[in-house]
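Undergrad: So the sequence shown is numbered by the UniProt record's numbering: it starts at 1 and just counts up by one.
We put the CB at the ideal spot given by N, CA and C, even for glycine.
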Amino acid sequence: MISERLLQAFNEQIEIESSASHGYLNLAIWCASNGFDGAAKFFFKQSDEEREHMLKLIHYVIEREGRPITAAKHGTDHSPAPVKDIFDVLHQFYANEQSVTAAVFKLLKTAEDDGDYNAVNFLQWYVKEQHEEENQARSLIEKANLIGKEGPYKYLIDEMVGKS
Ligand code: OFO
């Protein structure tokens, strides 16, 4: 059975994944409303994936006889962050993935301090996932920078993100 403090740490991560899902939904809506259909498709998919990450945590906590608490119950504020332009969308994506990585490491540290190697083993999936997602976000920013801010750059960036 999971310890009380580890349960609390897992519940915080459940909330973080839920927030990420809502955040990407808001980015998808901004993209769709501003003609970036490819990027909208990408962020709707990211939003779904973050929800899956949240559910994976919830199922694990249940398996460990803990009681997960959903973000809705915590009363998280999901109001959208203002978006300046498509570059800002990509920077928000990267910044969020970096903060999720820091949160995963913090959770992993709590599991290690608890000597809960079952949880340590489970969390390796999130460590790998965060490595991939941070790498993807950084690569999107680099490619967008290569495209630049002249000519049909909005179209080209949208196409590039949509193909990711
Ligand atoms: Fe990339 O945020 Fe979930 O784990």
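Distance, Cα to Cα, residue 11 vs residue 157?
TA: 36 Å
Undergrad: Confirm, please, whether the CB-CB distance from residue 112 to residue 120 is below 8 Å.
TA: A contact, by the Cβ cut-off of 8 Å.
Undergrad: How far does the alpha helix (DSSP H) with residue 37 in it extend, from its first residue to its last?
TA: 37 to 63
Undergrad: Going by other Cβ atoms of all chains shown within 10 Å of its Cβ, with 16 needed for buried, is residue 99 buried or exposed?
TA: Exposed.
Undergrad: So, at 8 Å on beta carbons, what are the nonlocal neighbours of residue 3 in its own chain, with the 5 sequence-adjacent residues on each side left out?
TA: 114 and 116
Undergrad: Ordered along the chain, which non-local residues of its own chain (more than five positions away) have a Cβ less than 8 Å from that of residue 118?
TA: 64
Undergrad: Count the other CB atoms, across all protein chains shown, that sit within 10 Å of the CB of residue 79; report buried if there are 16 or more and exposed otherwise.
TA: exposed
Undergrad: Taking only the alpha-carbon atoms, compute the straight-line gap between residue 127 and residue 164 and give it to the nearest angstrom.
TA: 21 Å
Undergrad: Helix, strand or coil: how does DSSP classify residue 103 here?
TA: helix
Undergrad: What does a CB cutoff of less than 6 Å around residue 60 pick up in its chain, not counting 5 residues either side in sequence?
TA: 122
Undergrad: Smallest Cα separation from residue 146: which of 51, 5 and 160?
TA: 160
Undergrad: With burial defined as no fewer than 16 other Cβ atoms inside 10 Å of the residue's Cβ, what is the status of residue 81: buried or exposed?
TA: Counting every other CB atom within 10 Å of its CB across the protein chains shown gives residue 81 a total below 16, marking it as exposed.
Undergrad: Apart from the five residues on each side of it in sequence, which residues of its chain come closer than 7 Å, Cβ to Cβ, to residue 39?
TA: Closer than 7 Å at the Cβ level, and outside the excluded window around residue 39, lie 31, 86, 89, 158, 161 and 162.
Undergrad: Among residues of its own chain, excluding the 5 on either side of residue 7, which ones have a beta-carbon nearer than 6 Å to its beta-carbon?
TA: 66
Undergrad: Could you tell me whether the Cβ atoms of residue 50 and residue 28 are closer together than 8 Å?
TA: no
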